[in-house]
Amino acid sequence: MQRLILAFFAIAIFFLPVQAHRVNIFAYVEGDQIHVECGFSRTQKVRQGKIEVYDSVSKKKILEGSTDNEGLFFFPVSQEMKDSKHDLVIRILAGEGHQNEWVLPSIEIDSATIFKPQVPKISTTTLSDTPEIPVSVNQESVTKSDVELIVNEALDVKLAPVKQMLAENLTSDPTFKDIVGGLGWILGLIGIAAYCKRK
Amino acid sequence: MHISEGVLSPVVLGVGAILSIVGTAIGLSKLDYERLVLVALLASAFFVASLVHIPIGPSSVHLLLNGLLGLFLGWAAFPAMLIALLLQAILFSYGGLTVLGVNTFNQAFPAVLCGLLFRHRLSSSSKLFCRVAAFLCGALSVVGAGILTALSLAFSHEGFIETAKIFLLAHIPVMLVEGIMTVFVVSFVAKIRPELLSLARGNTCNG
Numbered sequence: 003m004q005r006l007i008l009a010f011f012a013i014a015i016f017f018l019p020v021q022a023h024r025v026n027i028f029a030y031v032e033g034d035q036i037h038v039e040c041g042f043s044r045t046q047k048v049r050q051g052k053i054e055v056y057d058s059v060s061k062k063k064i065l066e067g068s069t070d071n072e073g074l075f076f077f078p079v080s081q082e083m084k085d086s087k088h089d090l091v092i093r094i095l096a097g098e099g100h101q102n103e104w105v106l107p108s109i110e111i112d113s114a115t116i117f118k119p120q121v122p123k124i125s126t127t128t129l130s131d132t133p134e135i136p137v138s139v140n141q142e143s144v145t146k147s148d149v150e151l152i153v154n155e156a157l158d159v160k161l162a163p164v165k166q167m168l169a170e171n172l173t174s175d176p177t178f179k180d181i182v183g184g185l186g187w188i189l190g191l192i193g194i195a196a197y198c199k200r201k
Numbered sequence: 738m739h740i741s742e743g744v745l746s747p748v749v750l751g752v753g754a755i756l757s758i759v760g761t762a763i764g765l766s767k768l769d770y771e772r773l774v775l776v777a778l779l780a781s782a783f784f785v786a787s788l789v790h791i792p793i794g795p796s797s798v799h800l801l802l803n804g805l806l807g808l809f810l811g812w813a814a815f816p817a818m819l820i821a822l823l824l825q826a827i828l829f830s831y832g833g834l835t836v837l838g839v840n841t842f843n844q845a846f847p848a849v850l851c852g853l854l855f856r857h858r859l860s861s862s863s864k865l866f867c868r869v870a871a872f873l874c875g876a877l878s879v880v881g882a883g884i885l886t887a888l889s890l891a892f893s894h895e896g897f898i899e900t901a902k903i904f905l906l907a908h909i910p911v912m913l914v915e916g917i918m919t920v921f922v923v924s925f926v927a928k929i930r931p932e933l934l935s936l937a938r939g940n941t942c943n944g
């Protein structure tokens, strides 16, 4: 029996690193689009998986589509989505009973920039050599909403790597510790059963 | 072959839970407590096997080893798989707690059936016959699990025939791998612990 147990653990170690078998979904707003990432693990993406987007309050299906070969799906934020102030439920159907969903809060949808800002151009003409030619400066006024749009765009760029790290953490595979923990639970439960039977 | 939470209808979940409770009760009543180490070993093998998966199209399939459990444990495969699936649901979020009954029945029942069918063939004097029996037990257990999973989905909302076709096609590589693995394990056990094969023939597990 000891050889059998050793053989089992030798084979079990061969199966590491292991891969996940649940479908993960992560969605976030970037610019005027909602990015959806789906995968079974960091390397195993959901190809051509069905995506459904629902209003969390009315439960009405807003749109549907499918992921590309990288497990990605994008759709634009509409003014209706922003005005409704409802969360969006984004569901992935990866087939064979694999399903998961992500709730995108309305506060994040509200931060989407639907219109690209007209960045004001500040230009100056250079001084000429002859003092008779006047120097003029053209300047357009910058509104508060323009500043908000510019800041949002800059934040999207800065936060993109952070969102990527979050997505990777959510699709993390079971670790060696998790597997050993599970095996420990099984052996422990069987041990308790044996002890109770002996009593 | 783990069905996720929120996919199946409440009726299917209820029926699956009841059938699993019945199967587990039978398994516990027939369990030989002298062979608990073997049960633990095979439950652990089942637990780890589900972590090995093969990408197929948008989804992926994983090893089951349910045929092996059915062959060596008989009805005790029910409680063994229940524990392993429960831990997978809690630790890895594979499947879920509400679908635990359905997932357990779908994987354990075909295993028990195939074990009952092929276990006694292992006593054949022909090595080839033994290997074919072991291969068929491993492969057909996967077929059975696929059919039951497709039925579970069909009774919820997906069309059965289409789902069953997709399942069985996607699991052909798994059937072959499982069949071959069962043959190797039975051959290995026959060399180092042949008395376990008499266990598999039902002499000790009462299965």
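First to last, the protein sequences are chains A and B. Just add 2 to wherever you are in the first sequence, counting from 1, and you've got the numbering used here. Just add 737 to wherever you are in the second sequence, counting from 1, and you've got the numbering used here. Beta carbons: idealized from backbone N, C-alpha and C, even for Gly. Because the structure is a prediction, the values reported are computed rather than measured.
message = Need the endpoints of the beta strand (DSSP E) that I740/B sits in, please.
response = Careful: I740/B lies outside any beta strand (DSSP E) and carries neither H nor E.
task = For the alpha helix (DSSP H) holding N843/B, just list the boundary residues, first then last.
result = From DSSP, the alpha helix (DSSP H) with N843/B extends over 837-855.
Ranges of the alpha helix (DSSP H) found wholly within the segment 15-103 of chain A, counting only runs of at least 4 = Fully enclosed alpha helix (DSSP H) runs of 4 or longer: 81-86.
message = To the nearest angstrom, how far is the alpha carbon of V83/A from that of E110/A?
response = According to the sequence displayed, residue 83/A carries Met and not Val. Cα to Cα, M83/A sits roughly 11 Å from E110/A.
For L106/A, the residue or residues it bridges with in DSSP = Its beta-bridge partners are L90/A.
request  = Assign I929/B to buried or exposed, taking buried as 16 or more other Cβ atoms, counted over all protein chains shown, within 10 Å of its Cβ.
outcome  = Residue burial is scored here from C-beta neighbours: I929/B has fewer than 16 other C-beta atoms within 10 angstroms and is therefore classed as exposed.
task = Please list, in chain order, all residues of the same chain as G67/A whose beta carbon is under 6 Å from its beta carbon, the five residues on each side excluded.
result = Closer than 6 Å at Cβ, skipping near neighbours: I53, F75.
ask   = DSSP three-state call for G190/A: helix, strand or coil?
value = Here G190/A sits in helix by DSSP.
task = Could you pull out every residue in the same chain whose Cβ sits closer than 8 Å to the Cβ of M818/B, ignoring the five residues on either side in sequence?
result = So the qualifying residues of the chain are A780, F783, N803, L806, T841, Q844, A845, A848.
key: Simplified DSSP assignment, three categories, for P122/A   = Reliability of the predicted coordinates at P122/A is poor, the pLDDT of 49 falling under 50, and no value is obtained from them.
query = According to a CB-to-CB cut-off of less than 7 Å, which residues of the segment 173-190 of chain A neighbour chain B?
reply = Answer set for the segment 173-190 of chain A: P176, D180, I181, G183, G184, L185, W187, I188, L189.
ask   = What do you reckon, are the CB atoms on G33/A and D158/A nearer than 9 Å?
value = Taking 9 Å as the Cβ cut-off, G33/A and D158/A qualify as a contacting pair.
key: Candidates F866/B, R772/B, T900/B, L756/B, of which the one nearest F815/B by Cα   = Checked all of F866/B, R772/B, T900/B, L756/B; the closest Cα to F815/B is L756/B.
key: Residue interval of the alpha helix (DSSP H) (run including E915/B)   = Under the DSSP assignment, E915/B falls in the alpha helix (DSSP H) whose first and last residues are 909-929.
inquiry  = Using beta carbons (cut-off 9 Å, strictly below), is H207/A in contact with chain B?
reply    = Summary: the structure shown does not reach residue 207/A, with chain A confined to residues 3 through 201, and so no result is reported for it.
ask   = Which chain B residues are close to G41/A, counting only those with a beta carbon under 9 Å from its beta carbon?
value = Under the 9 Å cutoff, chain B gives no residues; its nearest Cβ is about 10 Å from G41/A.
ask   = So, using beta-carbon positions, are H739/B and R24/A closer together than 9 Å?
value = With contacts defined as CB atoms closer than 9 Å, H739/B and R24/A qualify as a contacting pair.
task = Give the secondary structure of F783/B by DSSP, where H, G and I count as helix, E and B as strand, and everything else as coil.
result = Helix at F783/B.
Proximity below 9 Å, CB of D89/A to CB of V79/A = No. Outside cutoff.
message = For K87/A and V182/A, what's the separation of their Cα atoms in angstroms?
response = Computed Cα separation, rounded: 45 Å.
key: Burial state of G743/B (16 or more Cβ within 10 Å)   = Around the beta carbon of G743/B, fewer than 16 other beta carbons sit within 10 angstroms, so the residue counts as exposed.
inquiry  = I'd like to know if I192/A contacts chain B, where contact means its C-beta is closer than 9 Å to some C-beta of that chain.
reply    = Taking 9 Å as the CB threshold, I192/A lines the interface with chain B.
request  = Using three-state DSSP, classify S147/A as helix, strand or coil.
outcome  = Note: S147/A maps to helix in three-state DSSP.
query = Are there 16 or more other CB atoms within 10 angstroms of the CB of F925/B, so buried, or fewer, so exposed?
reply = Exposed: under 16 other Cβ atoms inside 10 Å.
For G832/B, the nearest candidate out of V880/B, L854/B, L801/B, S741/B (CA to CA) = Of V880/B, L854/B, L801/B, S741/B, the residue nearest in Cα terms is S741/B.
Cutoff 9 Å: G97/A Cβ touching any chain B Cβ = For G97/A, the nearest beta carbon of chain B is closer than 9 Å to its own beta carbon.
key: chain B residues whose Cβ lies nearer than 7 Å to that of K199/A   = What K199/A touches in chain B: Y770.
ask   = Looking only at its own chain, which residues have a Cβ that is under 8 Å from the Cβ of Q101/A, when we skip the five neighbours before and after it?
value = V25, R93, I94, L95.
query = List, in order along the chain, the chain A residues whose C-beta lies closer than 7 Å to that of I820/B?
reply = Those within 7 Å of I820/B in chain A are I188, L191.
ask   = Who are the near neighbours of L890/B in its chain, counting only those whose CB is closer than 8 Å to its CB and skipping five residues on each side?
value = Closer than 8 Å at Cβ, skipping near neighbours: I740, V744, L745, F897, T900.
task = Let me know if G99/A comes out buried or exposed under the rule of 16 or more other beta-carbons within 10 Å of its beta-carbon.
result = Residue environment for G99/A: buried (at least 16 other C-beta atoms within 10 angstroms of its C-beta).
ask   = Which chain A residues are close to F904/B, counting only those with a beta carbon under 9 Å from its beta carbon?
value = Using a Cβ-Cβ cut-off of 9 Å, F904/B is close to E98 of chain A, given in chain order.
ask   = Is there at least one Cβ from chain A nearer than 9 Å to G807/B's Cβ?
value = No - not a single Cβ of chain A is within 9 Å of the one on G807/B.
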